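K.L.:
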Amino acid sequence: MKKFIFLFFMFFAFLGKINASYLELYRINNTYSSQYNIDSGDYYSYRQNRYVMDGRMVYCVEPGVDITTREYTPLDLSYSSLPIDVLNRISLIGYFGYDYPGHQTDNYFLATQELIWETVGNNEVHFTTEQYNMGSIIDIDYEKNEIISLIDNFNVKPLFDTFNVEGILGDEIVLTDANGVLSNYEIVSSNNDAYIDGNNLVIRIKEIGEDELILSRKKYDNNESILYDAYNSQNFMFLRVPDERISININGYIPYSSVSIFKTGEMLSNYVSGEFLYEEKGLSGIVFELFSDEDIYINNNKIYEKDQLIQELVTEDGFASSTHLPNGRYYLKEKKTDNLFILNEDPIYFELFNDKSEVLKYDLFLRNERKPIIVDISKNGEVLDGTYQGLEGVEIGLYSSEDIYNYRNEKIVDKDTLIESFITDSNGRVYEERNLPVCSYYFKEIKTMDNYIINDQNFNSKFDVNELRYYLDEPIKNHLKRGNIVINKLDINGNLLDGAYFSLFDENDNVVYSGYSVNGVLNINDVLYGRYRLYESVAPYGYIKSDSVNEIDISEDGVTIYVDVYNEKLPITSDIHYYEGNISIFLIIFGFLGIIYEDKVKAS
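For the sequence shown, my numbering begins at 2 and goes up steadily by one.
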């Protein structure tokens with residue numbers, strides 16, 4: 002990466018777009034550096050020089066790397082591979098090093114270089130009068146301690162009781178620095194009159210509204226840090242600290258009045274004996290707009306136009322407060338409320354009068370009515386033609402899909418608790434307002450008409466946040482109860498008989514089914530819930546038709562009712578005997594004629 006950066010900038014230097022910097026070496030007589038790297042075990046010892054580029058004192062930041070060139074490329078310090086905390090530390094060391102006022106000695110240069118080497122690597126550094134740690138040790142402890150002391154003091158910033166100042170127009174406010182370092186700073190920006198007096202920051206409010214006062218640490222020059230980079234050679238740095246700024250917020254106002262709002266509404270408190278209970282509490286997030294109801298002046302200067310929006314106020318735990326307002330007429334409009342509450346659309350007018358020097362509060366106590374929750378569901382029942390229509394009189398329950406908590410985050414209702422029940426109207430619909438909190442619910446059928454099968458499925462409700470309406474996309478459906486009838490047609494000996502014709506009548510004497518027994522059995526399937534009568538219309542051939550009436554009750558879905566119907570044989574009637582008598586006479590006559598014929602034959 003370093004090679005790439007070097008080549009990149011060398012290319013532009015070749016084009017004349019970047020000027021190279023040249024390293025100048027100034028020998029420090031009778032001075033040698035010895036470095037021992039504790040991590041690697043490497044040992045270095047060199048003649049010690051002072052290094053200058055572009056007229057600036059620079060420092061070696063890669064101990065143990067040789068200097069192979071005098072031509073370097075100046076780069077922003079962000080191109081360095083050193084960690085940011087190391088860069089911040091050596092920037093302070095370089096800032097308070099040789100260039101700092103009163104530090105222009107060889108010993109301060111050596112102290113600066115040693116502290117930098119110790120910071121960028123785990124090195125032990127010594128300066129001696131002869132190479133390889135021979136000769137006398139050059140004592141630079143005083144200089145090192147002085148630089149470290151300045152660094153430690155640099156990290157101490159001004160500390161005030163507050164960094165947010167509020168005052169009446171014309172007030173003088175004094176902030177005292179508890180850390181005693183304010184003299185190291187200067188004011189660089191403010192719309193109000195401000196100055197530093199020793200350890201005090203004095204602010205005179207001359208502007209209405211908000212202002213930001215900026216303090217900046219004083220520096221002995223305005224130079225910035227530079228990385229001097231060369232390929233395959235020792236890197237150097239010119240080191241300075243970045244700008245350090247402290248911000249103080251100022252709010253200047255007119256000494257009249259402020260409007261305080263306390264906005265309340267009902268919040269869920271408890272659930273007792275099947276009823277939700279609510280308490281009046283402060284509401285958060287209610288938005289008000291504050292307008293002037295006339296042109297408002299201060300000292301003949303118009304401050305606000307009529308109907309000018311002055312401020313937007315948002316409640317927190319029910320409270321909101323305006324800026325400081327001059328005397329005049331005003332009004333508030335509720336712009337936004339919690340969706341569970343009804344928006345108060347009527348403006349609230351008030352007038353402020355204050356002839357005192359202090360700010361007075363004008364209090365407004367306002368309330369939002371809670372919106373009712375709407376339950377909207379439909380119930381359909383199956384009809385004979387296979388379609389569905391609204392089903393009246395069905396009871397449907399509303400159950401909690403989750404535990405319900407009050408505004409204090411206390412559980413007051415367990416999951417799957419029956420909260421409310423509803424009875425469908427003549428159209429099979431429920432559309433009712435109820436005293437319910439906004440939670441997750443489901444619907445379940447509790448009771449239906451006797452002739453329908455109850456639908457015991459759970460139906461998760463949907464919620465329309467705008468209408469506060471719990472609903473289902475589709476009606477809950479009920480199917481009619483059905484049963485089966487099996488008719489066994491028997492003679493008195495229990496033998497099955499074919500050909501009996503039966504008719505099934507409902508309670509209104511309507512024939513709902515007719516048919517013949519086959520193999521002695523007649524099956525009538527899917528008979529709807531109700532009471533029926535079974536008649537035998539035609540008996541099997543040779544049998545007497547049964548006059549019995551069989552009462553049948555289909556009261557449960559899927560039930561099968563068995564009915565045995567017996568027939569007796571027809572007796573031999575007189576008509577049948579007469580016919581048999583004619584045959585006997587015929588035989589007698591025929592026999593008599595045969596005798597006569599036989600006698601005639603014999604005679605011949």
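By construction, the Cβ of each residue, glycine as well, lies at the ideal position given by its N, Cα and C atoms.
Values in this document were obtained by computation on a predicted structure and should not be read as measured data.
1) Can you tell me the Cα-Cα spacing of Asn436 and Pro373, whole angstroms?
2) Cα separation between Asn165 and Ile174?
3) Within 10 angstroms of its Cβ, does Tyr27 collect 16 or more other Cβ (buried), or is it exposed?
4) Taking DSSP as the reference, what is the three-state secondary structure of Thr129?
5) Just to check my reading of the structure: Val560 and Gly484 have Cβ atoms closer than 8 Å, yes? What is that Cβ distance to the nearest angstrom?
6) State the start and end residues of the unbroken beta strand (DSSP E) segment that holds Ser92.
7) Mapping the DSSP letters down to three states, classify Glu144 as helix, strand or coil.
8) Along the chain, where does the alpha helix (DSSP H) that runs through Thr120 open and close?
9) By the 10 Å Cβ neighbour count, where 16 or more other Cβ atoms means buried, how is Phe351 classified, buried or exposed?
10) By alpha-carbon positions, which one of Asn509, Gly531, Gly387 ends up nearest to Met450?
11) What would DSSP say about Ile525, mapped onto helix, strand or coil?
12) Name the residue from Arg470, Leu202, His480 whose alpha carbon lies nearest to the alpha carbon of Asp386.
13) Confirm, please, whether the CB-CB distance from Gly398 to Lys463 is below 8 Å.
14) Who does Ile20 pair with in a DSSP beta bridge?
15) Residues in its own chain within less than 7 Å of Glu144 by CB, not counting five upstream and five downstream?
16) Using 8 Å as the threshold, is the C-beta distance between Leu125 and Ile39 below it?
17) Using CA atoms only, rank isn't needed, just tell me which of Lys448, Ile141, Glu167 is closest to Phe423.
18) Label Thr74 either buried or exposed according to how many other C-beta atoms from any shown protein chain fall within 10 Å of its C-beta, with 16 as the threshold for buried.
19) Tyr80 by DSSP, collapsed to three states: which one?
20) I'd like the list of long-range same chain contacts for Leu419, defined as Cβ closer than 6 Å, with 5 residues on each side in sequence excluded.
21) Examine chain B for any beta-carbon lying closer than 8 Å to the beta-carbon of Tyr45, and answer yes or no.
22) Mark Ser190 as exposed unless 16 or more other C-beta atoms lie within 10 angstroms of its C-beta, in which case mark it buried.
23) For Asn551 and Leu498, which I take to be in contact (beta-carbon distance under 8 Å), what is that distance rounded to the nearest angstrom?
24) Thinking just about the alpha-carbon of each residue, which of Ile209, Asp244, Glu167 is nearest to the one in Glu187?
25) Mapping DSSP to helix, strand and coil, what is Ser150?
26) Spatial neighbours of Gly286 within its chain, please: CB distance less than 7 Å, with the 5 preceding and 5 following residues excluded, ordered by chain position.
27) From Ser137 to Tyr37, what distance separates their C-alpha atoms?
28) Can at least three beta-carbon pairs, one atom from the stretch 328-345 and one from the stretch 363-371, be found at a separation below 8 Å?
29) Please report the straight-line C-alpha distance between Leu78 and Val121, rounded to a whole angstrom.
30) Using 10 angstroms around the beta-carbon of Asn223, count the other beta-carbons present and answer buried if the total reaches 16, otherwise exposed.
31) In angstroms, rounded to a whole number, what distance separates the CA positions of Val566 and Gly516?
32) Note down the Cα distance separating Glu25 from Gly171, rounded to an integer number of angstroms.
33) Have a look at Leu160 and Ile247 and give me their C-alpha separation to the nearest angstrom.
34) Determine whether the beta carbon atoms of Tyr60 and Leu183 lie at a separation below 8 Å.
35) If you draw a straight line from the C-alpha of Ser92 to the C-alpha of Leu310, how long is it?
36) Alpha carbon to alpha carbon, how far is Glu131 from Asp140? Give it in angstroms, no decimals.
P.N.:
Straight from the coordinates:
1) Walking along the sequence shown from the start, residue 436 turns up at place 435. Walking along the sequence shown from the start, residue 373 turns up at place 372. Each residue's Cα considered, the two are about 6 Å apart.
2) By one-based count along the sequence shown, residue 165 stands at place 164. By one-based count along the sequence shown, residue 174 stands at place 173. So the alpha carbons of these two residues sit roughly 11 Å apart.
3) Taking the first residue of the sequence shown as position 1, residue 27 is located at position 26. The residue in question, Tyr27, is exposed, as its Cβ has fewer than 16 Cβ neighbours within 10 Å.
4) Residue numbering aside, residue 129 sits at position 128 when the sequence shown is read from its first letter. Looking at Thr129 - three-state DSSP - the assignment turns out to be strand.
5) The count along the sequence shown starts at 1 and reaches residue 560 at position 559. The count along the sequence shown starts at 1 and reaches residue 484 at position 483. Contact check for Val560 and Gly484: beta-carbon distance about 4 Å, within the 8 Å limit, so the pair qualifies.
6) The residue given as residue 92 occupies position 91 in the sequence shown. Looking at the DSSP string, Ser92 is not in any beta strand (DSSP E); the run it does join, the alpha helix (DSSP H), is 85-96.
7) One-based indexing of the sequence shown puts residue 144 at position 143. In the structure shown, Glu144 sits in a helix (DSSP, three-state: H, G or I).
8) The residue given as residue 120 occupies position 119 in the sequence shown. 107-121 is the span of the alpha helix (DSSP H), which, as asked, contains Thr120.
9) As a working note, residue 351 is residue 350 in the sequence shown. Phe351 is exposed by the Cβ-count criterion.
10) Your numbering for residue 450 matches position 449 in the sequence shown. Nearest option by C-alpha distance: Gly531.
11) Locating residue 525 in the sequence shown gives position 524, counting from the first residue. Reduced to three states, the DSSP call for Ile525 is strand.
12) The residue labelled residue 386 in the question sits at position 385 within the sequence shown. With distances taken between Cα atoms, Asp386 lies closest to His480.
13) To locate residue 463, count along the sequence shown from 1; it is residue 462. To locate residue 398, count along the sequence shown from 1; it is residue 397. No, Cβ-Cβ distance for Lys463 and Gly398 is not below 8 Å.
14) One-based indexing of the sequence shown puts residue 20 at position 19. According to the sequence provided, residue 20 is Asn. The question's Ile does not apply to it. Bridge partners of Asn20: none, in fact.
15) Numbered from 1 along the sequence shown, position 143 holds the residue referred to as residue 144. Same-chain partners within the cutoff: Asn108, Tyr109, Ala112.
16) For the purposes of this step, residue 125 is identified with residue 124 of the sequence shown, where counting begins at 1. For the purposes of this step, residue 39 is identified with residue 38 of the sequence shown, where counting begins at 1. Checking the displayed sequence, the identity of residue 125 turns out to be Glu instead of Leu. Contact: yes.
17) Numbered from its first residue, the sequence shown carries residue 423 at position 422. Nearest of Lys448, Ile141, Glu167 to Phe423, Cα basis: Lys448.
18) In the sequence shown, residue 74 corresponds to position 73, counting from 1. Result: buried.
19) Here residue 80 refers to the residue found at position 79 when the sequence shown is read from its first residue. If DSSP states are grouped into helix, strand and coil, Tyr80 belongs with the helices.
20) The residue given as residue 419 occupies position 418 in the sequence shown. Cβ-Cβ distances below 6 Å link Leu419 to Gly398, Tyr400 in the same chain, with the five nearest sequence neighbours on each side left out; the list follows chain order.
21) Protein chain content of the structure displayed is limited to a single chain, and chain B is not contained in it.
22) By 1-based counting over the sequence shown, the position of residue 190 is 189. Its Cβ having fewer than 16 others within 10 Å, Ser190 is exposed.
23) Position 550 of the sequence shown, counting from 1, holds the residue named residue 551. Position 497 of the sequence shown, counting from 1, holds the residue named residue 498. No, Asn551 and Leu498 are not in contact; Cβ-Cβ is about 16 Å, not under 8 Å.
24) The residue you call residue 187 lines up with position 186 of the sequence shown. Of Ile209, Asp244, Glu167, the smallest CA-CA separation from Glu187 is found for Asp244.
25) As a first step, residue 150 must be located in the sequence shown, where it is residue number 149. Reduced to three states, the DSSP call for Ser150 is helix.
26) Counting from 1 along the sequence shown, the entry for residue 286 is found at position 285. Cβ within range, chain order: Val315, Thr316, Asp339.
27) Here residue 137 corresponds to residue number 136 of the sequence shown, with the count starting at 1. Here residue 37 corresponds to residue number 36 of the sequence shown, with the count starting at 1. Straight-line Cα distance between these residues: approximately 18 Å.
28) yes
29) Position 77 of the sequence shown, counted from the start, is the residue given in the question as residue 78. Position 120 of the sequence shown, counted from the start, is the residue given in the question as residue 121. Cα to Cα, the separation comes out at about 15 Å.
30) Within the sequence shown, numbered from 1, the residue matching residue 223 stands at position 222. When all chains shown are included, Asn223 counts as exposed.
31) Within the sequence shown, residue 566 is the residue found at index 565, counting from 1. Within the sequence shown, residue 516 is the residue found at index 515, counting from 1. Taking the straight line joining both Cα atoms gives about 14 Å.
32) For the purposes of this step, residue 25 is taken as residue 24 along the sequence shown, with counting starting at 1. For the purposes of this step, residue 171 is taken as residue 170 along the sequence shown, with counting starting at 1. Cα to Cα, the separation comes out at about 58 Å.
33) In the sequence shown, the residue the question calls residue 160 occupies position 159. In the sequence shown, the residue the question calls residue 247 occupies position 246. Cα to Cα, the separation comes out at about 10 Å.
34) Reading the sequence shown from its first residue, position 59 is the one you call residue 60. Reading the sequence shown from its first residue, position 182 is the one you call residue 183. Not a contact, by the Cβ cut-off of 8 Å.
35) Mapped onto the sequence shown, residue 92 falls at position 91. Mapped onto the sequence shown, residue 310 falls at position 309. So the alpha carbons of these two residues sit roughly 50 Å apart.
36) Here residue 140 refers to the residue found at position 139 of the sequence shown. Here residue 131 refers to the residue found at position 130 of the sequence shown. Computed Cα separation, rounded: 14 Å.
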